[in-house]
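Residue 56 is where the sequence shown starts when you use our numbering, and the numbers rise one by one after that.
Each residue gets a CB set at the ideal place from its N, CA and C atoms; glycine is no exception.
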Amino acid sequence: NWSTKESIAGQDCAVLPYSDRNLTTTTSDTTINACYGTCTDNTFCPAFDLVDITFAVNMQNEEVHETGVFLHGGWFNWGTMAMSDDNSDGVYEITIQDMTAGSAIEFKFMNGTVVEDVPADCENINNWGGGINRMFTLPAADTTIGPICYGGCIDCAGNHAVDVTFNVDMTGVSGFDGSSPPYVFGSFNNWDNVTGQTSLTDADEDNVYSGVVSGLMSLDSITFLFGFGANYESVPDTCGIYDDVLRANVRIAPVYLADTASVFAMDTIAYGGCSFDLDLSTDDADHIIPEVFSFKTYPNPFNPSMTVYYELPMNEFVQIEVFNLLGQKVVTLVNELQIPGQYKYTWNGKDGYGKALQSGIYLVMIKHNTGIEISKVTYLK
């Protein structure tokens, strides 16, 4: 059973590529003297330590495949060993007994059949040109490797309470005169805009109102709206997501951007608007030839999809591609010659084979005859 063979990877008797022993047969009887799990040139085993190694991967940011999570290692011919999450905390573990202290091993984690992408800036890696493997030299005592965030370098940021500052610009809002202060409400208070809303104040009288909602959890999916009096804003499709219960567009609060911090201030948002100006309201907008090239991606962060919008002032060959942070292309959205005009394409967070990607940061690159533009976007599951 090759899946349970001894581990001699990194020792001088290990023959690549599978780190097996090698014997050249002769016409004479041969006796092989060996110590299990170590190399020796005599009949006595040298002093060495056998240790138990626990591998732990944190899957809190991933949608775990129905087949489970696996350890994928070079010392067992890059096979798979199922890992388990016995206490349902999102951390999957497996303990391998009697590994040889001092051995150098390489490994990765797998979500179903998908092998993780290990970042190039992690410590203890082997970037061999065909991918990046994790590396570890086994110590002389039982050890736990991790938890390591799946696809990351260290453990995932834990779910913790964050005090979030919401900011809204009320300039030019119809019916608003300041006598009834604006407020924020959302999924964090069961959409109560009568008794449970958080009132906002304008301390420096610049028409930007601010307020703090305490104790929002950094990894929770939080949506919200601004309102005043009995009114609440209508959020454009370009920067909102549709809520089936409210039957209206709502905003996403990217509290996860706080990372490990306990406070987080959101960018100022125009009441009923977006953080940028995208005017497509005129009936003849599609017939206006743009004067300059422009390029936007929205919403950001996004879930489940985002839009790439751009304007071409002349005939150009356009190529739009999405890359992960390792520089690997995951999908091509556009690759054609286009005439002057306004264009809009949607990306649903899947690769070119229709497979859903991991949450994280991606780079949307648009190449055209006169330049290259890049937008960093965050896919939030």
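- Less than 8 Å divides the Cβ of Val419 from the Cβ of Ile375.
- Counting only runs of at least 3 residues, the stretch 98 to 152 fully encloses the following beta strand (DSSP E) elements, listed from N- to C-terminal order: 105 to 113, 124 to 128, 134 to 137.
- Take the alpha-carbon of Asp104 and the one of Phe125: they are about 26 Å apart.
- Inclusion of Thr220 and Ser265 in the CB contact set at 8 Å is warranted, their separation being smaller than that value.
- Taking C-beta atoms as the reference points, Phe240 and Leu280 count as a pair closer than 8 Å.
- Apart from sequence neighbours up to five positions away, the residues of its chain that approach Val170 with a beta-carbon distance below 7 Å are His127, Lys163, ordered along the chain.
- In the three-state reduction of the DSSP assignment, Leu71 falls in the coil class.
- Counting of Cβ neighbours within 10 angstroms places Gln383 among the exposed residues, the total staying below 16.
- The beta carbon of Ile277 lies closer than 8 Å to those of Gly241, Ser242, Phe243, Leu271, Ile307, Ala308, Val310 in the same chain, with the five residues before and after it left out.
- When Gln397, Val377, Tyr398 are compared, the shortest CA-CA separation from Leu388 is found for Val377.
- Taking C-beta atoms as the reference points, Val347 and Ile421 fail to come closer than 8 Å.
- Under the three-state reduction of DSSP output, Ser269 falls in the strand class.
- Under DSSP, the beta-bridge partners assigned to Gln393 are Glu371.
- Residue Pro174 holds the alpha-carbon nearest to the alpha-carbon of Asn188 among Pro174, Ala196, Thr199, Pro72.
- Where Asp224 is concerned, the enclosing beta strand (DSSP E) starts and stops at 216 to 224.
- Counting every other CB atom within 10 Å of its CB across the protein chains shown gives Tyr408 a total below 16, marking it as exposed.
- Between His215 and the set Ala258, Gln115, Gly233, Ser273, the nearest pair of CA atoms involves Ser273.
- Judged by DSSP secondary structure, Pro237 falls within the beta strand (DSSP E) whose first and last residues are 237 to 241.
- Residue pairing by DSSP places Trp402 opposite Met361 in a beta bridge.
- Closest in alpha carbon position to Cys294, among Gly134, Val318, Gly328, is Gly328.
- Taking 8 Å as the cut-off, the Cβ atoms of Val432 and Met361 count as close.
- For the beta strand (DSSP E) assignment, the uninterrupted runs of no fewer than 3 residues enclosed by the stretch 274 to 305 are, from N- to C-terminal side, 277 to 283, 296 to 298.
- Gln152 sits exposed, since fewer than 16 C-beta atoms from the chains shown fall within 10 Å of its C-beta.
- DSSP places Leu418 within a strand segment (E or B) once states are collapsed to three.
- As DSSP reads the structure, Met154 sits in a beta bridge with Val106.
- Taking the Cα of Ala69 as reference, the smallest distance to any Cα among Thr80, Thr95, Ser229, Tyr434 is reached at Thr95.
- In the DSSP assignment, Tyr353 is bridged to Thr362.
- Taking all protein chains shown into account, Ser234 has fewer than 16 neighbouring C-beta atoms within 10 Å of its C-beta and is therefore exposed.
- Excluding residues up to 5 positions away in sequence, Val385, Gly404, Lys405, Asp406, Tyr434 lie with their Cβ nearer than 7 Å to the Cβ of Leu412 in the same chain.
- When DSSP states are grouped into helix, strand and coil, Thr199 belongs to the strand group.
- Around the beta carbon of Leu381, fewer than 16 other beta carbons lie within 10 angstroms, which makes this residue exposed.
- Beyond the five residues adjoining it in sequence on each side, Val318 comes within less than 6 Å, by CB distance, of Asp218 in the same chain, given in chain order.
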